[in-house]
Amino acid sequence: MKQDKALVEEGLKKISWAWNFMPVLRSFEAEHVDKQPLKNKRICTCLHLEAKTACLLLTLKNLGAEVSAAGSNPLSTQDDVCAALSAKGVRVYSKRGMSAREYVANLNKALDIEPHIVIDDGADLIALLHTERQEMLPNIRGAAEETTTGINRLKAMESSGVLALGVIAVNDAKSKFLFDNRYGTGQSVVDGILRTTNVLIAGKVVVVAGYGWCGRGVAMRMQALGAKVIVVEADPHKAFEAVMDGHAAMSMKEAALLGDLFLTLTGNRDVIRKEHFEIMKDGAILGNAGHFDVEINKKHLEELAVDKTVSRENILTYILKDGRKLHLLAEGRLVNLAAADGHPIEIMDLSFSTQLLCALHINDNSLSAGVIPVPEDIDRLVVKRKLETMGVTLEEMTEGQKDYLRSWRE
Ligand code: ADE
């Protein structure tokens with residue numbers, strides 16, 4: 000796909016800035032580069048095309064692979080990064096603001112590389128491979144999936160007996176979800192909200208829908224900034240955990256009356272809908288950080304609105320019949336990627352190192368079909384390496400302590 004050459008320099012700058020804070024990925028690249036383990040391998044990816052992702056893609060390329068890349072969300076693609084990647088020899092098929100039709104066309108073009116390995120974020124590539132591009136499945140050694148929503152879809156495919164690939168659940172590795180989902184989302188969502196709105200968080204009532212690892216991270220960071228956090232959860236353990244963490248927990252119907260800022264991170268649809276918009280306070284701000292733009296029902300907002308206006312970049316204000324205004328951020332797409340740069344670099348250093356080692360694992364092993372956990376040694380190695388780069392020494396157990404843990408008699 001033709002990229003804008005004028006953007007190359009800006010993209011390269013962004014990428015080289017990210018590299019400064021990705022010592023783990025750099026160390027794995029240095030360890031493997033001489034052997035060119037991915038030589039003659041084609042890797043098709045569907046990821047958020049920003050600078051840290053570029054570091055992963057260039058690493059795969061430097062280890063010998065031919066790489067194609069589609070963007071995993073129309074608004075998370077950064078065109079300058081794409082231009083730089085293209086200049087470096089990655090086949091890029093994405094443009095910020097692409098339509099739904101262009102999005103699917105780009106997935107197809109990325110797949111035309113006829114991959115041996117697939118790296119997905121949200122499972123759109125893998126779903127396409129199982130519907131319209133099934134002829135490619137026999138040549139694919141395996142895949143890796145980056146995000147919770149993708150894993151949920153893959154598990155649904157597996158339980159309905161259609162998943163024909165071995166897919167490593169990178170999202171479910173401790174080196175991923177404990178850090179990326181929690182601290183990564185925690186910081187990047189705050190970043191996205193602040194960049195778009197410039198409002199004060201202290202004193203606001205922030206409603207966080209979903210108390211998985213992402214929701215926990217966002218609630219924690221909002222609380223630290225002085226917000227009063229309300230958690231909306233359907234799962235009793237998670238709701239109770241939210242209460243133990245010092246938040247209020249209630250239904251969306253109750254929270255809708257109280258919130259100043261609403262954030263959805265559930266992975267489900269219609270989390271905020273007509274009956275909630277109808278009772279919200281004037282001026283409420285609505286943002287989503289779940290993978291798909293289905294959590295805030297935009298159709299309902301459109302139906303209720305008598306007018307709408309762009310209040311600021313990435314803010315569409317809906318004016319309702321009674322004069323109330325509701326402000327939707329980034330079209331209800333991932334606010335941390337559509338209106339900011341995604342997770343902090345050091346966090347993606349971990350996630351993308353796990354992705355890299357999983358790609359090497361797929362290359363070296365034959366996987367059986369199904370959703371497969373990240374091998375324990377990879378999961379531990381990535382975090383150990385991170386600690387090393389931070390100068391953190393782990394405690395070593397004495398032989399006596401190891402014996403004690405192995406024994407059951409006093
Ligand atoms: N940057 C690249 N991929 C990302 C992801 N899945 N979440 C947040 N930031 C990212």
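With the first letter of the sequence shown counted as 1, position 9 gets the number 8 in numbering that gives the first Met the number 0; the numbers rise by one all the way through.
Cβ atoms here follow ideal geometry from the backbone N, Cα and C, with glycine treated the same way.
For the ligand ADE, is there a heavy atom less than 7 angstroms away from the beta-carbon of residue i?
| i | result |
| --- | --- |
| D120 | yes |
| M251 | no |
| G341 | yes |
| G10 | no |
| L124 | no |
| S187 | yes |
| G183 | yes |
| N335 | yes |
| K108 | no |
| T52 | yes |
| L57 | no |
If residue i sits next to residue j, beta carbons under 8 angstroms apart, how far is it from one beta carbon to the other, in whole angstroms?
| i | j | result |
| --- | --- | --- |
| F351 | C81 | F351 to C81, Cβ: 17 angstroms. No contact. |
| C43 | V117 | 5 angstroms |
Using the C-alpha atoms, what's the distance from residue j back to residue i?
| i | j | result |
| --- | --- | --- |
| K13 | A29 | 21 angstroms |
| E157 | G165 | 10 angstroms |
| I371 | N362 | 15 angstroms |
| A329 | M21 | 28 angstroms |
| L136 | Y92 | 21 angstroms |
| L262 | D234 | 17 angstroms |
| N151 | L11 | 35 angstroms |
| T397 | Y403 | 10 angstroms |
Strictly by DSSP, which residues pair up with residue i?
| i | result |
| --- | --- |
| N410 | Nothing in the structure corresponds to residue 410, since the chain is present only between 0 and 409. |
| E157 | None, per the DSSP bridge assignment. |
| D119 | C45 and E144 |
| A168 | E144 and P372 |
| Y92 | A69 |
Measuring alpha carbon to alpha carbon, tell me which of the options ends up nearest residue i.
| i | options | result |
| --- | --- | --- |
| Y182 | G202, A254 and A223 | A223 |
| E375 | Q35, H360 and L37 | H360 |
| D3 | L57, L264, D78 and D119 | D78 |
| V169 | L349, R405 and A163 | L349 |
| R41 | A50, H47 and A64 | A64 |
| G160 | G211, K297, L177 and H129 | H129 |
| L37 | C357, I318 and A122 | C357 |
| L260 | G245, A218, H299 and M243 | A218 |
| L336 | K175, D171, E387 and G289 | G289 |
| V228 | W212, G245 and E8 | G245 |
| L256 | S365, D269, F276 and S85 | F276 |
| A226 | A238, V205 and G214 | V205 |
| E274 | A83, N287, K1 and K298 | K298 |
| K1 | K108, N39 and G286 | K108 |
| I346 | T392, I284, K175 and A122 | K175 |
| R332 | A201, E253 and N287 | N287 |
| K87 | E144, A122 and L6 | L6 |
| I284 | T353, V305, L315 and E294 | L315 |
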